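Okay, so here's the structure we're looking at.
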Amino acid sequence: MSANPLVSISRKLVKLWRVWRERNTIGLLKFLYRRSLEKFRGQANYQKWVARECLTRADLLAAQRAIEGWSIRPTFSVIMPVYNVEAVWLEKAIRSVQNQIYPHWELCIADDASPKPHIKQILTRYSKLDPRIKVVFRSENGQIVAASNDALALATGDYIALLDHDDELAVNALFENAKLINEHPEADFIYSDEDKMDTAGKRLDPFFKPDWSPDYFHACMYTCHLGVYRTSLIREINGFRAGYDGSQDYDLVLRMVERTKQIYHIPKVLYHWRIIPASVTAGGEQAKPWAYIAARQALEAMVARSPYPGWVEAAPDRPGFWRVRRHILGEPLISIIIPSAGKALHTSEGSLVALENCIRSIQERSTYRKFELVLVDGYDIPDSTLAAIMQPADGSPVANVRLVRSEEPFNFAHRINQGAANARGEFLLLLNDDTEVTTPAWLESMVEFAQQEAIGAVGAKLLYPDGKIQHGGVMVLGGNPGHAFHGFDGDHPGYFCSNLVNRNYLAVTAACLMIRTEVFHQVGGMDEIFPLNYNDVDFCLKVHEAGYRNVVTPYAQLIHYESLSRKPGLQPNEWETLNQKWSHYFAKLNGDPYYNPNLSHREVTFELW
21 MSANPLVSIS
31 RKLVKLWRVW
41 RERNTIGLLK
51 FLYRRSLEKF
61 RGQANYQKWV
71 ARECLTRADL
81 LAAQRAIEGW
91 SIRPTFSVIM
101 PVYNVEAVWL
111 EKAIRSVQNQ
121 IYPHWELCIA
131 DDASPKPHIK
141 QILTRYSKLD
151 PRIKVVFRSE
161 NGQIVAASND
171 ALALATGDYI
181 ALLDHDDELA
191 VNALFENAKL
201 INEHPEADFI
211 YSDEDKMDTA
221 GKRLDPFFKP
231 DWSPDYFHAC
241 MYTCHLGVYR
251 TSLIREINGF
261 RAGYDGSQDY
271 DLVLRMVERT
281 KQIYHIPKVL
291 YHWRIIPASV
301 TAGGEQAKPW
311 AYIAARQALE
321 AMVARSPYPG
331 WVEAAPDRPG
341 FWRVRRHILG
351 EPLISIIIPS
361 AGKALHTSEG
371 SLVALENCIR
381 SIQERSTYRK
391 FELVLVDGYD
401 IPDSTLAAIM
411 QPADGSPVAN
421 VRLVRSEEPF
431 NFAHRINQGA
441 ANARGEFLLL
451 LNDDTEVTTP
461 AWLESMVEFA
471 QQEAIGAVGA
481 KLLYPDGKIQ
491 HGGVMVLGGN
501 PGHAFHGFDG
511 DHPGYFCSNL
521 VNRNYLAVTA
531 ACLMIRTEVF
541 HQVGGMDEIF
551 PLNYNDVDFC
561 LKVHEAGYRN
571 VVTPYAQLIH
581 YESLSRKPGL
591 QPNEWETLNQ
601 KWSHYFAKLN
611 GDPYYNPNLS
621 HREVTFELW
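Under the numbering used here, the first residue of the sequence shown is numbered 21, with each subsequent residue one higher.
In structure tokens:
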């Protein structure tokens, strides 16, 4: 298929029409202004960042001295399939390998029967000039998978690195990978950050990635370039597979990570996508739509191999982004634990008790029906509210609601623990009483993750009544927890669509948190030294330290009328207690693994320092 810019333009027009319909003309103008300002400010900051991070002569000399002292000097086989690329870009790609400050490499090139005569001339010339450059000329065109496998057959190095024929490696790309391998000889798969480069050589649109995030990877092929893989493992899984042209590396990694957990991320920009019309990602989302078809097939094949069967859906209006669905295993009981003080809230329907509004939204909107409600209060829920909840107007008793009472002062962690002790479900859902369900399949969306053995806490997307983001994941930066894109519009895509797809985070809010009951008890429940704040961050850190990963799904959405059940603000020493308790783990993690260290710690908006 050829590129179709009209499809991309039509999608953007539909988006703008939706914004105008929801926010009127003034709102649309504000939306356009803010997005333009964000883009301009981001590009200006990146140019400053590029200038600041530019390697000096002293840096290069230090790198050469470091190489001399290494006990491990791995050889990298750079794999490059070639087809009909313009001479200028092909030569720049080759020279970017030749210019590497790390010398132990070989460039393995397979030309896929390019009809343009300059291809053979260039490749033959460079192979004669540098014995590290190996070339094979295919007799017939076989697409990128066939060419990649032919290039792979030439490889004799310890690790494979993938390079497209019109892109460039940063001069320190192989050096940084060799440095990491010396620090972590067990590394099987290494990926780095990347950016784009226009035809004038200007760098733009950086992607500063998180450390290994399986659920975000299932939403998009975010590791991409530069990808470096242990050669023996690549050969063990039989290299690139036919039928996945355009997303052959996505399929490769999906299979590879099933064989190894030794995955490392280098938070440095080591690869530059060339922005030209023929490029799949850098040239725009419609450059090669068949690549997205192959990506979906790769995910479907992964799901078929998984112990959690399911299917794959395309993310709405976001080509290249996906939602992996899982069938719920059996019909497990979910215990929804709701601590409550019986406070009132004001909605468009008038004033009512928050708890009653919360439960009504659960009972009326949830499509998954096997749940119980465990209410925990301090004898402060009004009798009229209890009567409305426990005995509806039709007189029939509600079988799935139970009341647990406490005479102690309000302590959120204690009340959650009380509720968990009285819960009968296989899953616990911790839920604030000042929330309101808006997506009917919210429970299914969370159970799909919580049932998976490797997953701990599962969070939802919470919005304020005005539609702004309250919670979409918690980062812990320098010991300071913060909600990603807090206060932004609910439909803001976030950093590389992270607000619109499933994504891993270090912590999620206990205002809506699901977890397997066995994991809750394994980590000792909630720590009651945090009566009001940080109990959820502390809990999620315990879960993460125990070896589970946490995830937020935007497909479970609720309104959060925040802080109705308790007084806002920190209690004495809460922040200090959190940091003292977890200083050892913060040091071990060396920062939040799901937030790139190049990004600002002042606000969790994924902007550069």
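Backbone N, C-alpha and C fix where the C-beta goes; we use that ideal spot for every residue, glycine too.
It should be emphasised that the depicted structure is a prediction, and the values quoted were computed from it without experimental measurement.
Where residue i sits in the DSSP three-state scheme
i	result
Leu628	strand
Ser147	helix
Ser326	coil
Pro339	coil
Thr76	coil
Tyr605	helix
His245	coil
His621	coil
Pro309	helix
Phe260	coil
Phe228	coil
Ile180	strand
Met466	helix
Ser252	helix
His238	coil
Thr529	coil
Glu106	coil
Thr597	helix
Phe96	strand
Val543	coil
Val117	helix
Leu578	strand
Trp69	helix
Arg223	strand
Beta-bridge pairing of residue i - partner residues as DSSP gives them
i	result
Ala480	Thr573
Lys488	Asp509
Pro101	Ala130
Tyr614	Bridge partners of Tyr614: none, in fact.
His292	Glu188 and Asp215
Gly502	Met495
Ala334	Trp342
His285	Tyr211
Asn524	Val571
Ile356	Leu393 and Leu449
Thr45	Thr45 is not bridged to any residue.
Arg316	Partner(s): none; Arg316 has no beta bridge.
Arg536	Phe447
Lys154	Cys128
Distance CB(residue i)-CB(residue j) smaller than 8 Å
i	j	result
Pro190	Ile99	Correcting the residue identity first, residue 190 is Ala in this sequence and not Pro. No.
Gly499	Leu353	no
Pro551	Asn431	yes
Ile296	Asp186	yes
Gln472	Tyr328	yes
Ala181	Tyr103	no
Asp658	Pro613	The shown model of the chain, from 21 to 629, leaves out residue 658, and the question about it has no answer.
Ala527	Cys560	yes
Leu246	Tyr291	yes
Tyr525	Met495	yes
Arg316	Trp331	no
Leu319	Trp342	yes
Thr573	Asn522	yes
Ser97	Thr251	yes
Cys378	Asp453	yes
Tyr240	Cys517	As written in the sequence, residue 240 is Cys, which differs from the Tyr given in the question. Taking 8 Å as the Cβ cut-off, Cys240 and Cys517 qualify as a contacting pair.
Ala576	Ala480	yes
Cβ-based neighbour list, residue i, same chain, cut-off 7 Å, excluding 5 preceding and 5 following
i	result
Asn610	none
Lys112	Glu188
Arg435	Pro359, Val396 and Ser426
Gly201	Position check: residue 201 holds Ile in this sequence, whereas Gly was assumed. The residues are Ile92, Pro94 and Ala207.
Ala314	Tyr264, Asp265, Gly266 and Ser267
Leu253	Asp208, Met276, Arg279 and Thr280
Proximal residues to residue i (C-beta, below 8 Å), its chain only, five neighbours per side dropped
i	result
Glu623	Gly502
Thr387	Pro460, Ala461, Leu463 and Glu464
Glu594	Phe550, Leu552, Asn553 and Tyr554
Gly544	Lys562
Chain-order list of residues whose beta-carbon lies under 6 Å from that of residue i (same chain, five-residue window excluded)
i	result
Phe469	Ile475, Val478 and Val571
His491	Leu482, His503 and Thr529
Asn65	Leu628
Which ranges does the beta strand (DSSP E) cover as unbroken runs of at least 3 residues, wholly within the region 382-452, from first to last along the chain? 391-397, 421-425 and 447-451
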